[in-house]
Amino acid sequence: MNLLRLLNRKTFPHGIHPPQYKEETHDKPTRRLAFPEQVILPLQQNIGAPSIAIVRKGQMVERGELIAIAAPDKLSVPLHASVEGTVRDITLMPTATGPKTRSSIIQTLPSSPQIPVTGEQQDYRQMSREEIIAAIRDMGMVGLGGAEFPTYAKLATSMQHDIHTVIANGCECEPFITTDFRVMLENVQNLLLGMRIVMKAVAAEKGIIAIEDNKLEVMTALQAHLPEDGSIKVEVVETKYPQGAEQMLIYSLLGVALPKGKLPASLGLEVINVATAAEIGALLPNGQGFIERTVTITGDDLENPGNYRVPIGTSLQHILDETGFVGEEAELILGGPMMGQPVAFLDTPVHKGTGAVLVLDERATPNRNVQPCIKCAMCVEACPIHLNPSALGLLAYKHRYQEMQEQFHLNNCFECGSCSFVCPSNIPLVQLFRVAKAMNRERKLQ
Amino acid sequence: MAKHQHAHPVVDLRTSPYIRRAPSVPQIMRNVVYALLPVCAFSVYLFGISALALMIVTTLACLLSEQFFCRMAGKKSTLPDFSAVITGLLLALTLPPGFPLWMGALAGIIGISMGKLLFGGIGYNVFNPALVGRAFVQAAFPVAISTWTPTLAANRFSEFIPSTLALPFMTPAPTAEWSQTVAIDGFTGATPLALMKFEGVMVRTSDLFFGTTAGSAGETSALLILLCGAYLVARNMMDWRLPAAVIAGTAICAECFYLLDPDTYPTPLFMIFSGGLMLGAVFMASDMVASPVTPWGIVLYGLLIGLLTVLIRLFGGLTEGVMYAILFANAASPLLESFTQPKVFGDQ
Ligand code: SF4
Ligand code: SF4
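Quick mapping for you: the protein sequence lines, in order, are chains C and U. Taking numbering that gives the first Met the number 0, I'd label the letters of the first sequence as residues 0 to 445. Taking numbering that gives the first Met the number 0, I'd label the letters of the second sequence as residues 0 to 347.
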């Protein structure tokens with residue numbers, strides 16, 4: 000048992016305390032971003048198979064209408080139109096996560112009030128577990144914390160296990176981002192309803208909403224609404240990076256280390272992001288599809304940083320225009336500064352897992368001189384997985400990739416960036432590890 | 000509101016993470032230099048201009064040889080990383096204050112070239128470069144390196160210790176007589192450790208703690224060294240476990256002997272506060288490059304240094320054992336690291 004746990008502060012060993020940078024958006028209530036002229040909806044916005052378009056070029060679609068169905072018998076979710084308008088094209092477009100992807104481009108109808116269509120009214124208390132999971136699939140829900148794993152499939156897997164607790168992960172440990180914080184604060188009822196729905200789907204008795212101790216306002220907001228039987232509780236954990244990583248949070252709350260390759264379900268746990276839970280709570284009763292989400296748009300050189308409701312498929316260009324980008328040049332990142340995706344093209348759309356758009360200029364650390372490893376052990380002390388990034392880095396420079404995996408557990412690294420963050424020699428450790436993993440994968444394929 | 004009308008690719012594309020913590024290697028090294036300065040100043044206060052001259056000479060020797068070898072190898076100058084300054088200052092602090100300057104310069108050159116650049120420069124050195132230089136002169140000039148002069152000599156700021164200005168390859172002027180004339184009370188020319196070893200005399204621990212005993216320039220005030228180390232720890236630039244483990248190792252080992260026979264063996268406190276132990280623990284053993292990175296490796300490394308120091312002091316031919324203990328532990332560091340790899344999170 001860790002000493003910190005004995006002192007009763009819920010946390011995990013190692014990790015880092017990066018600057019928070021949350022002050023610009025922390026207190027900004029979520030506002031709606033003006034609708035863009037068009038949205039670009041990649042047919043694949045989830046882990047697994049892409050959805051299959053069922054609309055034609057030139058067709059009029061309503062906001063919230065189903066435009067692509069889940070690939071049958073595969074890990075896949077459907078897709079809904081995020082604006083009312085005309086399908087202009089279905090073609091290859093750039094995305095943040097990789098190569099160009101088939102996307103449906105919808106031209107927004109300028110005069111439309113943009114009211115989403117509703118489906119059948121549903122009451123989860125009258126639904127079977129299977130029906131709930133099917134409904135979650137039909138709304139096109141994926142993990143909104145960035146994983147983009149289809150939520151229905153996760154819950155279906157959990158049905159095979161004895162789940163006792165659903166943990167809603169509201170840690171949001173990445174600097175700058177306040178999406179989950181605002182969602183929890185402003186959507187208390189939806190969050191709790193979503194929790195109940197998920198708890199019923201996996202037959203869990205207990206629910207925990209986990210927040211870091213820099214978000215205590217959430218505690219106050221939730222307190223009055225928590226069920227009296229104590230089935231859903233709020234737990235506070237230390238503000239520390241990467242507290243929001245599933246295995247770190249589980250350790251902080253329960254003191255057990257999730258073995259690599261094992262699902263939380265094997266410990267009787269279901270971990271879901273708070274925004275996912277809140278969206279399920281908002282959409283399921285009316286049988287609606289998932290078409291927009293809360294996004295923190297922040298960073299340097301913005302006149303109006305804040306938390307915005309953004310239709311899926313909104314381009315970064317539109318976002319920069321609307322929030323008043325005044326800089327000359329900046330780095331654009333989808334997600335946080337520790338693990339976010341760099342973006343090269345301004346017509347890249349916000350996708351389902353995009354929780355933040357970050358514009359980095361002054362607060363990005365410029366590339367510094369890379370120096371040899373001075374064996375300061377700071378990376379070893381930072382790594383939440385207890386790897387030896389120093390040794391891994393030295394091996395990576397010598398291209399001894401196999402040894403990195405076989406003796407130093409390279410594949411346990413989840414690329415949280417803590418080691419690179421602390422390294423005084425500016426060694427691009429995470430980058431080296433990504434390359435090493437790719438090389439090992441390639442070798443295995445041959 | 001300046002709106003960008005045309006999409007243009009953002010040029011500077013990097014991968015995560017995009018932010019980094021502040022101290023870079025030069026910053027850390029610079030702070031180690033800052034932390035060493037009070038120790039140096041105190042040593043100059045005790046021993047006068049001879050100590051100052053020695054520091055300047057060793058530091059210059061280190062800087063110049065680093066620059067020279069970088070030039071030879073066609074590499075970018077590594078002077079800005081400040082590590083050569085640390086080597087120079089540390090080296091001066093381990094030498095007797097009246098050490099002939101030319102020998103000090105030689106020690107610096109050897110330390111940097113054989114101890115550091117031969118291995119590939121900063122990050123690759125197996126041994127602490129300052130100790131390599133010191134070990135060399137220990138072997139080459141056994142008399143000069145064990146000639147101690149008294150502290151607080153009245154004329155220390157106006158006159159060099161006679162041996163300081165010895166010409167290269169000439170026998171340094173004898174200092175014994177000079178020492179007798181300047182010493183405040185009867186000066187025997189022996190360090191507390193030598194007194195303990197050869198004459199069974201124990202210097203009071205408080206004198207050691209505040210540092211007014213004979214010894215090498217920097218091994219005299221344990222208190223000051225501890226304070227300077229605390230500064231580095233507070234700034235997150237030194238791993239406190241290292242000096243702590245060295246001190247613990249020394250204490251445990253010394254305590255065992257003391258319990259065996261309190262009349263023959265000194266107390267653990269004497270062991271900790273005498274000689275170069277404090278300087279070694281705080282500033283030399285903690286040379287990051289030559290110490291392990293794994294948590295248990297760090298602890299074992301420190302304990303090993305403490306243990307060896309006590310053994311050498313009590314049973315070896317030399318009065319002081321810190322230097323060889325650290326060099327030995329440096330050599331053992333990769334081995335220590337290899338069998339103390341941390342247990343991966345989630346592994347049973
Ligand atoms: S990126 Fe990998 S090696 Fe580095 S701290 Fe995170 S888990 Fe550890
Ligand atoms: S933090 Fe960087 S310099 Fe320090 S041990 Fe790790 S890799 Fe080496």
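For glycine and all other residues, C-beta sits at the position ideal for the given N, C-alpha and C.
Any C-beta of chain U within less than 7 Å: which residues of the segment 247 to 279 of chain C qualify?
Only those residues of the segment 247 to 279 of chain C whose C-beta falls short of 7 Å from the nearest C-beta of chain U are listed: 256, 257, 258 and 259.
Please report the straight-line C-alpha distance between residue 131(U) and residue 281(U), rounded to a whole angstrom.
18 Å
Whose Cβ in chain U lies nearer than 7 Å to the Cβ of residue 384(C)?
343 and 344
Measuring alpha carbon to alpha carbon, tell me which residue in 281(C), 223(C), 138(C) and 304(C) is nearest residue 186(C).
281(C)
Contact criterion: CB-CB distance below 8 Å. Does residue 27(U) meet it with respect to chain C?
yes
Is residue 397(C) near ligand 2 - that is, is its Cβ less than 7 Å away from at least one heavy atom of it?
no
Check whether the Cβ atoms of residue 103(U) and residue 56(U) sit closer than 8 Å, and answer yes or no.
With contacts defined by Cβ atoms closer than 8 Å, residue 103(U) and residue 56(U) form a contacting pair.
What's the gap between the Cα of residue 18(U) and the Cα of residue 299(U)?
34 Å
Please check the pair residue 241(U) and residue 290(U), which I expect to be a contact at CB under 8 Å, by giving their CB distance rounded to whole angstroms.
6 Å
Please name the residue or residues paired with residue 370(C) in a DSSP beta bridge.
Looking at the DSSP assignment, residue 370(C) forms no beta bridge with any residue, so it has no partner.
Alpha carbon to alpha carbon, what distance is there between residue 327(U) and residue 333(U)?
The alpha-carbon atoms of residue 333(U) and residue 327(U) are separated by roughly 12 Å.
Could you tell me whether the segment 45 to 58 of chain C touches the segment 112 to 132 of chain C, using the rule of 3 or more Cβ pairs below 8 Å?
no
Among 408(C), 135(C), 384(C) and 291(C), which one has its Cα closest to the Cα of residue 30(C)?
291(C)
Counting contacts by CB-CB distance shorter than 8 Å, is residue 170(C) in contact with chain U?
no
Using a Cβ-Cβ cutoff of 9 Å, what residues of the segment 101 to 130 of chain U are near chain C? List them in chain order.
119, 120, 121, 122 and 123
Let me see if you follow: with CB-CB separation under 8 Å, is residue 370(C) close to chain D or not?
The structure shown contains no chain D; its protein chains are C and U.
For residue 309(C), which of helix, strand or coil comes out of DSSP?
strand
Which residues in the same chain have their Cβ closer than 8 Å to the Cβ of residue 236(C), if we skip the five residues on either side of it in sequence?
9, 10, 170, 209, 210, 211, 212, 242, 248, 251 and 252
Would you decide whether residue 227(C) is buried or exposed? Buried here means 16 or more other CB atoms lie within 10 Å of its CB.
In the assembly as shown, residue 227(C) is an exposed residue. Its beta-carbon has fewer than 16 other beta-carbons within 10 Å.
Using a C-beta to C-beta distance shorter than 8 Å, which residues of chain U count as neighbours of residue 308(C)?
Under the 8 Å cutoff, chain U gives no residues; its nearest Cβ is about 21 Å from residue 308(C).
So who's on the other strand from residue 79(C), going by DSSP bridges?
Residue 79(C) is bridged to 65(C).
Can you tell me which residues form a DSSP beta bridge with residue 323(C)?
In the DSSP output, where bridge partners are listed per residue, residue 323(C) has none listed.
Is residue 417(C) near ligand 1 - that is, is its Cβ less than 7 Å away from at least one heavy atom of it?
yes
Would you call the CB atoms of residue 308(C) and residue 32(C) closer than 8 Å?
yes
Comparing the C-beta of residue 234(U) with each C-beta of chain C, is any distance below 8 Å?
no
Thinking residue 173(C) and residue 337(C) are a contact (beta carbons under 8 Å), I'd like their distance in whole angstroms, please.
6 Å
So, residue 149(C) versus residue 286(C), is the Cβ gap smaller than 8 Å?
no
Give a yes or no on whether the minimum CB-CB distance between residue 317(C) and chain U is below 8 Å.
Closer than 8 Å: no.
Bridge partners of residue 123(C), per DSSP?
In DSSP, residue 123(C) forms no bridge with anything.
When the Cα of residue 387(C) is compared with those of 245(C), 369(C) and 410(C), which residue comes out closest?
410(C)
Just to check, is the beta-carbon of residue 60(U) closer than 7 Å to a non-hydrogen atom of ligand 1?
no
Under 8 Å, with one C-beta from each stretch per pair, do the segment 347 to 356 of chain C and the segment 307 to 322 of chain C reach the 3-pair mark?
yes
Is residue 276(C) closer than 8 Å to residue 167(C) when the C-beta atoms are compared?
yes
Please write down, chain order preserved, every residue whose beta carbon lies under 7 Å from a heavy atom of ligand 2.
372(C), 373(C), 374(C), 375(C), 376(C), 377(C), 378(C), 379(C), 388(C), 389(C), 392(C), 418(C), 421(C), 422(C), 423(C), 424(C), 426(C), 428(C) and 292(U)
Can you name the residues of chain U whose CB is closer than 8 Å to the CB of residue 420(C)?
Using a Cβ-Cβ cut-off of 8 Å, residue 420(C) is close to 16, 18, 19 and 20 of chain U, given in chain order.
Determine the closest residue to residue 304(C) out of 434(C), 60(C), 176(C) and 435(C), with distance taken between C-alpha atoms.
Checking every option, the nearest Cα to that of residue 304(C) belongs to 176(C).
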